[in-house]
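Have a look at the structure below before the remarks.
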Amino acid sequence: MAAMRPLVHPSVDDVTVEGILHALADPVRVAIYAGLAASEKGSSCSAFLQLDNREIPKSTLSQHFRALREAGLIRSERQGVEMRNTTRCAEINSRFPGLLPALMGAYQQQLIDRMKAAKRKGSKAKSG
Numbered sequence: 001m002a003a004m005r006p007l008v009h010p011s012v013d014d015v016t017v018e019g020i021l022h023a024l025a026d027p028v029r030v031a032i033y034a035g036l037a038a039s040e041k042g043s044s045c046s047a048f049l050q051l052d053n054r055e056i057p058k059s060t061l062s063q064h065f066r067a068l069r070e071a072g073l074i075r076s077e078r079q080g081v082e083m084r085n086t087t088r089c090a091e092i093n094s095r096f097p098g099l100l101p102a103l104m105g106a107y108q109q110q111l112i113d114r115m116k117a118a119k120r121k122g123s124k125a126k127s128g
């Protein structure tokens with residue numbers, strides 16, 4: 001059996017604002033990160049196979065988790081056949097105070113705005 005490659009987790013000193021913004025610029029990755037941030041215990045990769053009512057292939061999901069890990073946003077640990085993922089919010093917040101709460105707050109507001117717009121659009125279609 002081939003040995004598993006070790007997972008790369010950058011030092012918090014090597015994490016950059018540009019890397020964080022790039023990683024979170026993808027809608028799937030920001031949704032994954034928001035889901036992990038909301039989970040106190042972390043989550044396995046397979047918890048995100050269904051995201052926003054669509055299926056995400058495992059290979060694509062792996063690439064998204066790798067991008068989040070390489071940006072320093074998450075820590076991944078192998079537990080048997082599963083990969084357990086947790087955020088590095090506290091570490092990132094010590095380096096860039098307020099950055100992640102501001103980004104996640106903006107993301108949550110955007111979700112609320114989109115739901116309101118979809119509701120308005122739905123009620124117009126019913127009444128029209």
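Following full-length UniProt numbering, the numbering of the sequence shown begins with 1 at its first residue and continues without gaps. A virtual CB, placed ideally from N, CA and C, is assigned to each residue, including glycine.
Problem - Range covered by the beta strand (DSSP E) that runs through residue 53 - result: Your numbering for residue 53 matches position 53 in the sequence shown. First-last for residue 53: undefined, no H or E at that position.
Problem - Option in 120, 114, 102 and 76 with minimal Cα separation from residue 45 - result: By 1-based counting over the sequence shown, the position of residue 45 is 45. Taking only the C-alpha atoms, the option nearest residue 45 is 76.
Problem - Opposing strand residues paired with residue 76 [DSSP bridges] - result: Along the sequence shown, one-based indexing puts residue 76 at 76. Per DSSP, 85.
Practice task
Label residue 123 either buried or exposed according to how many other C-beta atoms from any shown protein chain fall within 10 Å of its C-beta, with 16 as the threshold for buried.
Solution key: Looking up residue 123 in the sequence shown gives position 123. Classification for residue 123: exposed.
Problem - Under the three-state DSSP convention, the category residue 39 falls into - result: What you label residue 39 is simply residue 39 of the sequence shown in a count that begins at 1. Coil.
Practice task
Output the boundary residues of the alpha helix (DSSP H) element that contains residue 22.
Solution key: Position 22 of the sequence shown holds residue 22. Unbroken alpha helix (DSSP H) run through residue 22: 17 to 24.
Handout entry: Residue from 52, 17, 8 and 117 whose Cα sits closest to the Cα of residue 97
Key = Position 97 of the sequence shown, counting from 1, holds the residue named residue 97. For the residues 52, 17, 8 and 117, the minimum Cα distance to residue 97 belongs to 17.
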